[in-house]
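Residue numbers (this note's numbering): 122 to 196.
The beta-carbon is built from N, C-alpha and C at its ideal position, and this holds for glycine as well.
Before any comments, here is the structure.
Below is the structure:
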């Protein structure tokens, strides 16, 4: 799932080499932390958070197959 988030983020930003994805396992969910360059933060979040919400929706749909709960956090 982290590869999916990284792929989406790299195609949105101007500096794809600065995209970092970290995965933290917890009891009931897996947290995917997405870090991008400060000047690319607006491109990942989007107007009123629409792009961030779309990324979370794609991850939620993809995680339905795995029966795991994923949370995407943009750091």
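The closest CA to that of residue 137, considering only 148, 165, 146, is found on 165. For residue 131, the three-state secondary structure derived from DSSP is helix. The C-beta distance from residue 171 to residue 156 rounds to 20 Å, too long to fall under 8 Å, and the pair is not in contact. When the beta-carbon positions are compared, residue 194 and residue 139 stay at least 8 Å from each other. Judged by beta-carbon spacing, residue 180 lies within the 8 Å limit of residue 126, meaning their Cβ atoms are closer than that value.
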